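In the numbering used here, the protein residues as written are 1 to 484.
The structure is reproduced here in structure tokens:
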């Protein structure tokens, strides 16, 4: 079990670290030879320790070789995918006037009333008409009235920002779109139109669309500002939490009818259709991949193997997800939840959600500080309540969509409650905490874990001594005659 402990800890720390290096475009992913030499040194050190201290050294050689080899494979895979996402054009960014490529995700409405898109480049053209090759994934702001769906081949005309990190497009032209994606766009438009007829309040309607379809409207920005100030912005974005909500509803309805195994398979299949409808959001793909792989993995390591395998498969099938901040925070937060299981000890059941939030915030604090320079700890106190309200609002939105305006008042009421909770959370730690606050938070977490671990050990020792004393009291005299 001790070996499993180190394997689990390596998975929950290594995967978020690789996503962090890729999202920040770190040069540490470009040295496979150096990493190979370091892993060889680690392997020789472990072999030496096993030979000097333990007698069963031969049994663990194969395990050590497998772990180090797979670690190097993951490093090379992430480095290769990060190189594919790196923008490389035939001309200098200042000369480029037209970009052509394929959308990797659905566009999102920005505060400037423009659509924010991520484009996998195919070619570029300068202002004087010279055309050249281009590769990588670039972010852009385009003037578009409607949402652009993923997989659409478009061409944008504009210019790069001074730092070259963003393309500002004045015009956009749709070159081609498949029939399946056109059908998906039509279905999403029909769903949006039905919600417009059912829910009169603009902000409540925007929140319902954001939670169910991931669509951002003008009415959603006030609540997004409050969620950022309270540290609960992850509750608004489509994530594994929302997919888990649908799968729990489906399992509750299908398991009694089809049985546990078949009910889970059918619920996962229907959830996959939902993911195909709303688009390849990084967090949804992660949750969907883990749900599918959980049908095959068994045992105490199933969650950890599903987590690692999903990360590797996702960056191969959707390589653009590696450079997305959504993937970074999704894998970091779920890595924190798995770390909560790694350091398992006795705790009251009502404190389980508190410790889960404790680890999730700890794992997302470092990328938050690196990207924005401040992080919010208020989510630790209001996230459990806000999550329940989000689940209730998703359920009421589905009821309103199916049964009409009879349940629309619930959507408006829950929206007001969520706004009040986020407003309270944003006032707890106004402005956020800096690196010093994170160090203090880390010290508190480590002290808390050490104290609980020490108390657990002391309690086990006391119980063991009490049990031994009870045995001695009951059996004070023994039969000293030899057994016949």
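All C-beta atoms, glycine included, are put in the ideal place defined by N, C-alpha and C.
Values in this document were obtained by computation on a predicted structure and should not be read as measured data.
Nearest-angstrom Cα distance between residue 340 and residue 7? Within the chain shown, residue 340 is the residue found at index 340, counting from 1. Within the chain shown, residue 7 is the residue found at index 7, counting from 1. The alpha-carbon atoms of residue 340 and residue 7 are separated by roughly 15 Å.
In this structure, what does DSSP give as the bridge partners for residue 298? By 1-based counting over the chain shown, the position of residue 298 is 298. Residue pairing by DSSP places residue 298 opposite no residue, since no beta bridge is assigned to it.
Residue burial classification, residue 300 (beta-carbon count within 10 angstroms, cutoff 16): In the chain shown, the residue the question calls residue 300 occupies position 300. Residue 300 comes out exposed.
Can you tell me whether residue 310 is helix, strand or coil according to DSSP? Indexing the chain shown from 1 puts residue 310 at position 310. For residue 310, the three-state secondary structure derived from DSSP is helix.
Straight-line CA distance for residue 34 to residue 304? For this step, residue 34 is matched to residue 34 along the chain shown. For this step, residue 304 is matched to residue 304 along the chain shown. Residue 34 and residue 304: Cα-Cα distance of roughly 27 Å.
Around the C-beta of residue 135, are 16 or more other C-beta atoms found within 10 angstroms, so that it is buried, or is it exposed? In the chain shown, counting from the first residue as 1, residue 135 sits at position 135. The residue is buried, with at least 16 neighbouring Cβ atoms inside 10 Å.
Would you be able to state if there are at least three C-beta pairs under 8 Å between the region 235-244 and the region 201-221? Contact holds: three or more Cβ-Cβ distances are below 8 Å.
Within 10 angstroms of the Cβ of residue 19, are there 16 or more other Cβ atoms? Answer buried if so, exposed if not. As a working note, residue 19 is residue 19 in the chain shown. Around the beta carbon of residue 19, 16 or more other beta carbons lie within 10 angstroms, which makes this residue buried.
Examine the Cβ distances between the region 72-92 and the region 11-31 and report whether three or more of them are shorter than 8 Å. Touching, per the Cβ criterion.
Opposing strand residues paired with residue 140 [DSSP bridges]: Along the chain shown, read from residue 1 onward, the residue named residue 140 stands at position 140. 117 and 167.
Return the Cβ separation of residue 245 and residue 394 in integer angstroms, given the expectation that the two are a contact with Cβ distance under 8 Å. Numbered from its first residue, the chain shown carries residue 245 at position 245. Numbered from its first residue, the chain shown carries residue 394 at position 394. Confirmed, about 6 Å.
What's the gap between the Cα of residue 57 and the Cα of residue 47? As a first step, residue 57 must be located in the chain shown, where it is residue number 57. As a first step, residue 47 must be located in the chain shown, where it is residue number 47. Note on residue 57: pLDDT 48, under 50, position unreliable in the model; no value is reported.
List the endpoints of the continuous alpha helix (DSSP H) containing residue 196. Counted from its first residue, the chain shown places residue 196 at position 196. Secondary structure note for residue 196: its alpha helix (DSSP H) is the uninterrupted segment 179-198.
Nearest to residue 92 by alpha carbon, out of 373, 221, 163 and 64? What you label residue 92 is simply residue 92 of the chain shown in a count that begins at 1. Ranking 373, 221, 163 and 64 by CA distance to the CA of residue 92 puts 163 first.
Straight-line CA distance for residue 228 to residue 45? Sequence index remark: in the chain shown, residue 228 carries index 228 (1-based). Sequence index remark: in the chain shown, residue 45 carries index 45 (1-based). Going by the C-alpha atoms only, they are around 46 Å apart.
Straight-line Cα distance separating residue 155 from residue 249: If you number the chain shown from 1, residue 249 lands on position 249. If you number the chain shown from 1, residue 155 lands on position 155. Rounded to the nearest angstrom, the two C-alpha atoms are 41 Å apart.
Using only CA atoms, which one of 414, 401, 376 and 257 lies nearest to residue 441? Counting from 1 along the chain shown, the entry for residue 441 is found at position 441. Checking every option, the nearest Cα to that of residue 441 belongs to 376.
Kindly confirm or deny that the region 273-290 and the region 319-337 touch, where touching means at least three C-beta pairs closer than 8 Å. Segments in contact, yes.
If you pair each beta-carbon of the region 173-187 with each one of the region 137-155, do three or more pairs fall below 8 Å? With a cut-off of 8 Å, the region 137-155 and the region 173-187 count as touching, because enough Cβ pairs lie within range.
Got a sec? Which residues, its chain only, sit under 8 Å from residue 43 by beta carbon, not counting five neighbours each side? Taking the chain shown and counting its residues from 1, the one referred to as residue 43 is at position 43. The residues 64, 65 and 68, in chain order, have a CB closer than 8 Å to that of residue 43 in the same chain once the five nearest residues on each side in sequence are set aside.
Thinking C-alpha only, which one of 416, 272 and 265 is nearest residue 243? Residue mapping note: residue 243 aligns to position 243 of the chain shown, counting from 1. Of the candidates 416, 272 and 265, 272 places its Cα closest to the Cα of residue 243.
Output the distance between the C-alpha atoms of residue 231 and residue 356, rounded to the nearest integer angstrom. Start at 1 with the first residue of the chain shown, and residue 231 comes out as number 231. Start at 1 with the first residue of the chain shown, and residue 356 comes out as number 356. Whole-angstrom Cα-Cα distance: 15 Å.
Host beta strand (DSSP E) of residue 155 (start-end): The residue you call residue 155 lines up with position 155 of the chain shown. Unbroken beta strand (DSSP E) run through residue 155: 153-160.
Do the CB positions of residue 380 and residue 421 come within less than 8 Å of each other? The residue given as residue 380 occupies position 380 in the chain shown. The residue given as residue 421 occupies position 421 in the chain shown. In terms of Cβ geometry, residue 380 and residue 421 do not form a close pair [threshold 8 Å].
From residue 161 to residue 113, what does the alpha carbon distance come to, in whole angstroms? Within the chain shown, residue 161 is the residue found at index 161, counting from 1. Within the chain shown, residue 113 is the residue found at index 113, counting from 1. Rounded to whole angstroms, the gap between the alpha carbons of residue 161 and residue 113 is 18 Å.
Inter-residue spacing [alpha-carbon to alpha-carbon] between residue 74 and residue 364: One-based indexing of the chain shown puts residue 74 at position 74. One-based indexing of the chain shown puts residue 364 at position 364. Spanning the alpha carbons of residue 74 and residue 364 requires a straight line of approximately 21 Å.
For the beta strand (DSSP E) that contains residue 131, what are its first and last residues? Indexing the chain shown from 1 puts residue 131 at position 131. Start and end: 131-135.
Beta-carbon contacts of residue 100 that lie in its chain and below 6 Å, excluding the five residues immediately before and after: In the chain shown, the residue the question calls residue 100 occupies position 100. The residues are 122, 123 and 155.
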